[in-house]
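In what follows, a structure is listed as structure tokens, so that the remarks can point back to it.
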Amino acid sequence: MWDAAFLDIVTRDVALSGLTSVRIGGRGAWVATPRTEQDVVALLNRFRSEGIEPWILGGGTNVLMPDEGLEAPVVLAAELRTLEIDGAGLVSAGAGIGTAHLVAKTAGLGLAGLHVLAGVPGQIGGAAAMNAGTKHGEIVESIEALDVVTRQGERRRYRPRDLDYGYRRSGLAGGDMITRVHLRLVPAESKAGLRKLLAAWLKDKQESQPVKSWNFGCMFKNPPGDAAGRLVDRAGLKGRRIGNAAISARHGNFIENLGGATAADVLALMALCEERVAEAFGVQLEREVRVFQPPVCSPG
Ligand code: EPU
């Protein structure tokens with residue numbers, strides 16, 4: 000078995016719900032937590048040679064895990080956490096570093112760029128993989144390069160122009176794993192001004208979004224020229240509950256796990272939003288949440 004070679008970084012039979020911000024999901028057969036880039040290279044090479052397709056997971060903030068669990072291994076970026084910041088604003092961050100931590104740290108040093116991610120949860124590798132952003136900007140504007148281990152187990156360094164960056168999209172192939180994010184930040188004219196701006200944006204987020212519940216952040220991408228939250232709201236769906244999941248009463252683009260929600264509850268709510276918004280406004284919502292596939296294992 001592949002896991003025998005990686006005993007020190009593999010855990011068996013893990014609750015997938017604990018790996019995601021929405022706290023939903025069955026059991027994961029294997030979870031690997033590589034500590035170095037070499038670990039990632041060895042692991043992905045082994046998977047390739049055995050024909051295993053792993054799932055790569057960052058902070059799990061935009062992910063819905065299946066109720067049935069996963070037989071395929073999940074590879075976590077969580078332990079890739081080394082950080083270097085030079086005086087000129089070049090940041091080299093392990094993919095598992097918390098985005099909010101890095102936003103606060105760089106703004107505290109008077110470095111601007113990452114502050115546009117005020118209030119974005121998850122890890123910096125995941126943020127780079129899906130071009131996380133807010134109305135103030137996107138992470139790609141600050142990305143110098145990404146260190147990636149491909150599905151084939153090969154190391155690559157990509158510049159954003161080598162990929163296909165767009166709104167909440169990096170173009171990185173599924174199964175490729177970001178191990179480090181290199182950012183080019185800019186010394187702010189006023190450190191105090193930068194901190195004030197960050198604090199104001201965080202306050203704005205706390206007032207307009209359900210920041211304390213179990214949720215995914217936004218479930219849909221904003222359609223061109225409009226906001227998914229506004230459309231779900233106008234369709235009269237705020238507060239709508241299915242099972243133990245509900246559309247937030249505060250913001251229409253958030254689904255909340257009220258406790259014990261299942262992936263099926265969430266999928267039914269997302270389908271309801273898609274259907275009602277299409278009917279009412281002729282707009283097809285596009286999911287930002289990544290739905291992990293049901294297990295490939297045989298039953299029993
Ligand atoms: N609105 C409503 N009803 C609602 C929610 C929103 O009418 O229930 C209206 C608002 O009044 C506003 C417009 O819709 O006029 C946009 O809403 P908001 O300012 O809350 O921003 P958003 O477009 O819904 C985006 C990002 C968020 C980010 C915020 C703040 C997307 C999909 N969402 O939300 O990012 O935090 O701006 O910068 O791009 C995420 O991507 O996971 C995310 C949470």
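First residue of the sequence shown? That's 0 in numbering that gives the first Met the number 0, and the numbers climb one at a time after it. C-beta atoms are modelled at their ideal positions from N, C-alpha and C, and glycine is treated no differently. Note that this is a predicted model, so its numbers are computed, not measured.
- Message: Please list the terminal residues of the continuous alpha helix (DSSP H) segment that includes His-100.
- Response: 98-107
- Message: Since Gly-118 and Lys-204 should fall inside the 8 Å C-beta cutoff, what is the C-beta to C-beta distance between them, to a whole number of angstroms?
- Response: 4 Å
- So is the beta-carbon of Asn-252 under 7 Å away from any non-hydrogen atom of ligand 1? yes
- Item | Minimum C-alpha distance to Gly-173 - residue among Ser-20, Val-290, Ala-262 | Val-290
- Message: Using the three-state DSSP reduction, which class does Val-210 fall into: helix, strand or coil?
- Response: coil
- Message: Does Asp-85 come out as helix, strand or coil in the three-state DSSP assignment?
- Response: coil
- Item | Same chain only: Cβ atoms within 7 Å of Tyr-164, ignoring 5 sequence neighbours per side | Asn-130, Val-139, Gly-170
- Task: Count the other C-beta atoms from every protein chain shown that fall within 10 angstroms of the C-beta of Leu-6, then say buried if there are 16 or more, exposed otherwise.
- Result: exposed
- Within its chain, find whatever has a CB closer than 6 Å to the CB of Phe-253; leave out the 5 residues flanking it on each side and keep chain order. Pro-209, Asn-214, Ser-247
- Query: With respect to the alpha helix (DSSP H) encompassing Leu-271, which residues constitute its N-terminal and C-terminal limits?
  - Reply: 262-280
- Message: Less than 8 Å between the beta carbons of Ala-262 and Gly-24, yes or no?
- Response: yes
- Query: Can you name, in chain order, every residue of its own chain whose Cβ lies under 6 Å from the Cβ of Gly-228, other than the five neighbours on each side?
  - Reply: His-250, Gly-251, Asn-252
- Message: If I follow the unbroken alpha helix (DSSP H) through Ile-123, where does it start and stop?
- Response: 123-128
- If you measure from the CB of Ser-48, is any heavy atom of ligand 2 nearer than 7 Å? Ligand 2 is not part of this structure, which contains only ligand 1.
- Val-74 by DSSP, collapsed to three states: which one? strand
- Alpha-carbon spacing of Asn-256 relative to Glu-285, whole angstroms: 21 Å
- Per DSSP, what kind of secondary structure is Phe-5 in: helix, strand or coil? helix
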